[in-house]
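Remarks on the structure that follows.
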Amino acid sequence: MVGVFEVGAVPFNPDGWGPPESTTATPPSTTTTLPPHVPYATFSRSERLGRIADFTRSFSSSNANASNRPSSGKPGSADSPFDFSLDLDAFPLANPDDGSAFRLVDTKPTPRPKFGPKWRFNQHRPQLPQRRDEEVEARKREAEKERARRDRLYNLNRSNQNQQRREAAIFKSSVDIQPEWNMLEQIPFSTFTKLSFSVSDPEDLLLCGALEYYDRSFDRITPKNERRLERFKNRNFFKVTTTDDPVIRRLANEDKATVFATDTILATLMCAPRSVYSWDIVVQRVGNKLFFDKRDGSQLDLLSVHETSQEPLPEAKDDINSAYSLSVEAAYINQNFSQQVLVRDGNKVSFDEPNPFANEGDEVASVAYRYRRWKLDGDMYLVARCEVQSVVEVNNKNSFVTLNALNEFDPKYSGVDWRQKLETQRGAVLATELKNNANKLAKWTAQAILASADLMKLGYVTRVHPRDHFNHVILGVVGYKPRDFASQINLNTSNMWGIVKSIVDLCMKLNEGKYVLVKDPSKPQVRIYEVPADAFENDYVEEPLPEEEQVQPPSEDAEGVEANGTTTDDKEIEAQT
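Note that UniProt numbering gives residue 563 to position 563 of the sequence shown, counting from 1, and the numbers run on in steps of one.
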């Protein structure tokens, strides 16, 4: 038997939707048969209508939209048993004027995340590169300003720290100016830079001495296979001034020239605008002849170190890094280097006469003296003694070579460690030396040009340890053509001869007597003083140093050269070592 489902009577509500509020509104003919306990919720026209009744839905579940709306118990809310998804705006309402519960729907798109890939490449595309460049440039400018500020503070602190020490070094003259000396001329270096004079090729009057061949194996030395600098104790070196040279005296008696000098003195005059330290040259006018001399114990016998550097050196004379101690050390290094890089097999190239300063039986260093003559003007000639230290065979022809060595004493002063940079950055090392020793390198180049050397060899010698000034090693040897190297360091030969010609013309106008040319210790200028005829004659008195002041070499392999020339700086060097 099939059961019958009876639908109860549905009351009619004439006032709106849903069942009537009370049974009183129900017509008498209609009976209310609503099932009891049926969930029902009132609603307004702004609510969404979905399913009329969903008895399978859990009361605790909620959709994604309902979770973002406040709970109200109305249809469509999270705690309602009904889920409405229809919009009442799509249906006509019985009372369209009733808009008290109406609310607008937000139609704006969902904001995209700022840090997604689409935002990086799509948002403000033209402005990003420009802004990035501006930020980079601004950071660079700030970094430059900060670096410049630190440099100013650093230099200010160093200048304040070393102000008294540098002033003491600057105002120290190479010779004591006596009150009875009469100053005749004062020549600023600015006038030297504008001078120019061309000379013809020189004429060789005489060649003396003997030369040994250069050892080409030293060209392959690197910091990884360095060689110890040897000490030559038995070879004699001579630093003889112009008037003490017997050959020059003989040439003067034969009226071969009017002006006489040595290559060291001429190079000092030619490179005077680059000098910083004080120096002096004695000028003697005898009859119609002019002699340029150096004093006994003059600084011209030594080699300056870090002369043109901005880094100050210690001024204490007993300090191994003082200007004087470094000059003595550099002179020793050059003497030893010039003899070590030779092929010592007894094969020598001899010239017209033997060494004019050596005694019979003495072991003499490899050196040749070229007495050369230049025509200055009309019947005015200049004779100079020029030196070369070695010879090398090129295309079955002997070529003259000059040998010099740059020495490193402490990398913190130069800023470049030769052991690390010489092999890979040789140009940077040379540039640093040109900045710190511009005058010394220019003088070496001028001497090579005066001697018409075909090649000049520069050695790089450093200390075994920065605090050991006795033992050294050779890190490398580089060769240059003198005139090419002169162009590289901006050394103009016409300007060099222009300076010499102007000083010769000035001195030829002086009366007979003795004069001294002194480089001002604090200003870029030279002064000419008239001095008594007996000046500098008894300037040096040989006295032994006290035992406590004598310094003995620590070992036999420390460099040193036993020299018995006529100058006194050799004794000073011997006392230092």
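Ideal Cβ positions, reconstructed from N, Cα and C, are used throughout, including at glycine. Computed from a predicted structure; not experimentally measured.
- Looking only at Q525, D352, Q310, L300, the smallest Cα-Cα distance to K412 is reached by Q310.
- Our two residues, A9 and P109, have alpha carbons roughly 48 Å apart in a direct line.
- Counting only runs of 4 or more residues that sit fully inside the segment 275-353, the alpha helix (DSSP H) segments are 323-340, in chain order.
- Between L458 and V429, the gap from beta carbon to beta carbon reaches 8 Å or more.
- Taking the Cα of E230 as reference, the smallest distance to any Cα among A316, S327, S338, D280 is reached at S338.
- Put simply, of Y460, D520, D296 the residue whose alpha carbon is nearest the alpha carbon of M183 is D520.
- Beta-bridge partners assigned by DSSP to H472: R463.
- Beta bridge pairing from DSSP links L376 with no other residue.
- Under the rule that a run must span 3 or more residues, no beta strand (DSSP E) segment is found entirely inside the segment 422-464.
- For N334, the closest alpha carbon among the candidates K501, I320, L403 is that of L403.
- Rounded to whole angstroms, the gap between the alpha carbons of D176 and S278 is 11 Å.
- The residue from V4, P19, F485, N511 with its alpha-carbon nearest to that of A442 is F485.
- Shown here, G479 sits in a strand according to DSSP, grouped into three states.
- In this model, I221 and F357 are separated by some 34 Å (Cα to Cα).
- Note on geometry: alpha-carbon atoms of Y213 and V199 lie some 31 Å from one another.
- Separation of the CB atoms of F409 and L326 is rounded to 6 Å, and the pair is thereby assigned contact status at 8 Å.
- Taking a C-beta distance under 8 Å as the contact criterion, I474 and E226 qualify as a contact pair.
- In this chain, the beta strand (DSSP E) harbouring D204 covers 203-212.
- DSSP places F192 within a helical segment (H, G or I) once states are collapsed to three.
- Under the DSSP assignment, K514 falls in the beta strand (DSSP E) whose first and last residues are 513-519.
- Looking at the DSSP output, Q186 shares a beta bridge with R527.
- The Cβ neighbour count for G209, taken over all protein chains shown within 10 Å, is at least 16; the residue is labelled buried.
- The beta carbon of V461 lies closer than 8 Å to those of L229, I333, F337, A405, L406, N407, E408, H472, V473, I474, L475 in the same chain, with the five residues before and after it left out.
- When the beta-carbon positions are compared, V305 and N437 come within less than 8 Å of each other.
- When DSSP reads this structure, T262 sits in a beta bridge with R385.
- Secondary structure at T241: coil, using DSSP grouped into helix, strand and coil.
- Annotation: G361 to A453 spans about 29 Å, alpha carbon to alpha carbon.
- The beta carbons of D215 and V343 sit closer together than 8 Å.
- In the structure shown, the three-state DSSP call for R141 is helix.
- The C-alpha of I265 lies about 31 Å from the C-alpha of W418.
- Apart from sequence neighbours up to five positions away, the residues of its chain that approach Q447 with a beta-carbon distance below 6 Å are D263, A267, ordered along the chain.
- A contact between stretches requires three or more CB pairs, one per stretch, nearer than 8 Å, and the segment 286-293 fails this requirement with the segment 313-323.
- Your pair V391 and L211 checks out as a contact, with CB atoms roughly 4 Å apart and the cut at 8 Å.
- With a cutoff of 8 Å on beta-carbon distance, A451 and V388 are scored as near each other.
- A Cβ-Cβ distance of about 6 Å is found for the pair V383 and Y371, placing them in contact under the 8 Å criterion.
- CA-CA distance, S366 to K397, rounds to 19 Å.
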